[in-house]
Structures are given as C-alpha cells and as structure tokens.
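Here is the structure we will look at, set down as structure tokens.
Residue numbers (the numbering used here): 3 to 386.
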C-alpha cells in the first residue's frame, strides 16, 4: 500500500520526464545550429566583438530555450483553452502600440515598458495561428462550405491585419494575411471560396498604393528602379547586391567583408544579416544557411503530418508556414526580388521580439510532436 502511494505521488514526475524524453531533440539541435550561425554573423556585424549584438542575442536565446522546453510540455488541451486569451492579449497590445508606441523610422511598432522594448506585431502572428487552429479544430471540415462558418475566423485575421497596417507595417500585415489564408485552405476551405477572396486583389493594387505612406511608396519605386536614387532610397538594395556579388563562391573571409566591415551595408545586424553571410562566406555559406532553414521548415511540416489531431496539425503547419514566410520575405528582400520590408531572418537577425516569439512558436511545434498521439477528443490514441 505504501509503495502504491509513493508511486502515485511520483507519477507526475515520471510523466514530466517521459515528455522531456519525447521532445524531438534533433529539431532542437537544428534550432541551436541556426542560432549558432546567428551568433557568428552578429559577432562579425559588431566588428569582431560580442557587443553590442551577439552577446545580448545569446542571452535571449538561452532564455528562449527554457521557454521553448516549458511550452513543449504543455498539453494541447491547455493550449486550445489558452488560445482565446492569448489572441485577445495580442490584439490589446496592437491597440496599445497605436497609443503609446515608440516611433522608429516613421512607424509606431514598438512598446517600451520597464526598459524593455518589444514589437507586438510579432506576437500577433503566433496568437493568430493558435486562435485559428483552435477554431478550425472544433468545426467539421464538411461544414466549411457555409460562408457563415468562415465569418469568425475571417474576423480573427482581419483585426490584426488592420491594426498592423495602421502602425504602419505593410510587410508584417501581408505575412499575417497569407498565414491566415494558408490555414483557411488547409482547414478545408473550398477552392471557389478562395477564388472569390483572391479575385479582387489585383484590382485593389492601385487603391492600396494610393493610400501607402511616402516611405512605403519609395520602397516600391526603388524596387523597380534602384539606380534612380543610388545614394538615397536605392542605397540599401544596391549595397546589398554589391556585397552578395563580392562574396563569390567562397566569400571574402570571416570578418573581412568590405561592405559589412566598412559600414557601407545598412542594417547589417537586422534586415541584411544574410547579405553579410553571403559576403564573408560566399555562395557556399549562403546555400548552407538556406539548407539549414529548409530542414527546419521541412521538419515542422513533418511534425504537422504526424500529428493525429486536427489542432496539432494546424498549429504545427501554421508555425512552419510562419517560419517559411519569414525566410522567403527576408531572403527575397536582400536579393532585390521584392521591395525591402523590414522582416528579420529567424534566429539570425538581431532583435528580441522576433527571437522570443519564434522560440515560443518552436515550443508549440514541439508540443505538437510530444502529444502527437492524442486525438481531438483529448483521448490518447492507441499505440501502434
């Protein structure tokens, strides 16, 4: 009898240990490898010093690892219940940033509280994924043909998009919209409904352009003709292309990139960190980083496919798509494929909000893996 009581008391500890062992440690290793690349790149961006970029990012990553492990142990049942307050909190922060936000480069995107500065729009993306995954997991996919069933999730997407546009932050607003549309499609939205939603987009182009801020119009004009203002609006992208081209196959050598080390390259620690990698490590180094990012995205998709519950599938897919959009927008931006939009490269660019938000998202992804055998009804699936 005493042994049974001791076993009952120890059971929570055994379950906690069991969950820790079930964490996908290979995926954690990929995360650490990417963060190591970020540390090396930021050390170079700091002129061969851990300050002011590399050391703070290492501390944030250490905190993020602990947070990620804690979130990975949380049951999807709890995450589903917490999705509504998390979403409402993220929306409240977006409203707050419009009132007391810190202005930087013509936009109110940051909140400063207690000496800490963070960007609520980053939090909004993860909150939206949680909210949509929770909503669609409770709705029969066969009933999504009814437009009324899509009214609530459409509103969930529209609210953060509008609030982020008002900051203004066009790049993040577009990412939030694409993220929401992807989850709509995966959840079972009909093709004709998607066609109806997408059809007006090309015709809204001129209207949206007319209501953009001057600096946003300048980014689009610069994207089309960067050579028209090489020392002004076109300076960033021209310097980025020069740096990438000068790296060649093997690069100019670590800490020896001319554009980066001589400060010709703007925002080299944030938006254009990949350009520094390409300049110093060349084509080979740039491809290696892209492969690492691709493995992380693919790993997230595989976790989504292996989940036996709809909430976990949508949650893991949403986090993976968010990671993909981060990478696609940043890499396309520094290569001059799309206009510069101020989107960081995950775990590599300097920035606390993006780092901690992404680590929280990875925790959600790992939680899906740990609890992948649970059904939507919260009962454990039979072990194969």
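No residue lacks a Cβ here, since even glycine has one placed at the ideal position from N, Cα and C.
The model shown is predicted, which means the values in this text are computed figures rather than measured ones.
Euclidean distance between Cα positions of residue i and residue j
i, j, result
"residue 256", "residue 43", "9 Å"
"residue 20", "residue 373", "11 Å"
"residue 144", "residue 35", "42 Å"
"residue 275", "residue 24", "34 Å"
"residue 157", "residue 312", "21 Å"
"residue 149", "residue 344", "35 Å"
"residue 390", "residue 71", "Nothing can be reported for residue 390: it is not among the residues displayed for the chain, which extend from 3 to 386."
"residue 163", "residue 137", "18 Å"
"residue 339", "residue 377", "42 Å"
"residue 171", "residue 111", "8 Å"
"residue 267", "residue 336", "11 Å"
"residue 365", "residue 73", "5 Å"
"residue 5", "residue 22", "Reliability fails at residue 5, whose pLDDT of 42 lies under 50, so the model's placement of it is uncertain and the value that follows must be treated cautiously. So the two alpha carbons sit approximately 25 Å from each other."
"residue 127", "residue 152", "19 Å"
"residue 179", "residue 330", "15 Å"
"residue 358", "residue 62", "7 Å"
"residue 295", "residue 64", "20 Å"
"residue 9", "residue 369", "Because the pLDDT of residue 9 is 36, which lies under 50, any placement of that residue in the model is unreliable, and the number read from its coordinates should be weighed accordingly. Each residue's Cα considered, the two are about 26 Å apart."
"residue 2", "residue 60", "Because residue 2 is not part of the residues shown, which for the chain are 3 to 386, the question remains open."
"residue 350", "residue 189", "31 Å"
"residue 348", "residue 102", "27 Å"
"residue 243", "residue 87", "44 Å"
"residue 53", "residue 66", "19 Å"
"residue 113", "residue 174", "16 Å"
"residue 122", "residue 58", "20 Å"
"residue 306", "residue 265", "42 Å"
"residue 184", "residue 89", "18 Å"
"residue 161", "residue 195", "20 Å"
"residue 41", "residue 283", "15 Å"
"residue 285", "residue 251", "5 Å"
"residue 289", "residue 333", "11 Å"
"residue 314", "residue 83", "13 Å"
"residue 293", "residue 100", "38 Å"
"residue 33", "residue 241", "30 Å"
"residue 237", "residue 363", "34 Å"
"residue 371", "residue 30", "12 Å"
"residue 197", "residue 300", "27 Å"
"residue 26", "residue 168", "39 Å"
Neighbourhood of residue i by C-beta, 6 Å cutoff - its chain only, sequence neighbours within 5 removed
i, result
"residue 304", "none"
"residue 155", "134, 137"
"residue 159", "182"
"residue 270", "47, 262, 278"
Same chain only: Cβ atoms within 8 Å of residue i, ignoring 5 sequence neighbours per side
i, result
"residue 12", "For residue 12, the predicted structure reports a pLDDT of 44, less than 50, and the residue's modelled location is therefore unreliable. The matter cannot be settled from this model."
Presumed contact (8 Å Cβ cut-off) between residue i and residue j, rounded CB distance
i, j, result
"residue 69", "residue 298", "Contact doesn't hold; Cβ gap of about 18 Å is too wide."
"residue 166", "residue 96", "7 Å"
"residue 28", "residue 75", "Not really, about 18 Å apart at Cβ, beyond 8 Å."
"residue 139", "residue 316", "6 Å"
"residue 132", "residue 182", "Not really, about 12 Å apart at Cβ, beyond 8 Å."
"residue 39", "residue 291", "6 Å"
"residue 287", "residue 262", "Not a contact, Cβ separation roughly 13 Å."
"residue 45", "residue 56", "4 Å"
"residue 125", "residue 94", "So it is not a contact: roughly 10 Å between Cβ atoms."
"residue 187", "residue 355", "Residue 187 to residue 355, Cβ: 28 Å. No contact."
Residues that DSSP places opposite residue i in a beta bridge
i, result
"residue 261", "DSSP, once it has assigned bridges, lists no residue as partnering residue 261."
Residues of its chain near residue i, where Cβ-Cβ distance is below 7 Å and the 5 sequence neighbours each way are ignored
i, result
"residue 77", "373"
"residue 302", "318, 321, 322, 325, 367"
"residue 353", "272, 346"
"residue 7", "Low confidence applies here, because residue 7 scores a pLDDT of 49, under 50, leaving its location unreliable and the question unanswered by this model."
"residue 281", "245, 246, 248, 249, 253, 254, 259, 261, 262"
"residue 141", "151"
"residue 50", "257"
"residue 327", "177, 180, 181"
"residue 308", "374"
"residue 380", "Note that residue 380 scores a pLDDT of 44, beneath 50, so its modelled location is shaky and nothing firm can be said."
query: Which runs of the alpha helix (DSSP H) fall wholly inside the segment 81 to 156 and span at least 4 residues, in chain order?
result: 122 to 139
Continuous alpha helix (DSSP H) assignments of at least 4 residues falling wholly in the segment 275 to 349: 275 to 308, 312 to 336
Entirely enclosed alpha helix (DSSP H) segments - the segment 40 to 70, minimum 4 residues: none
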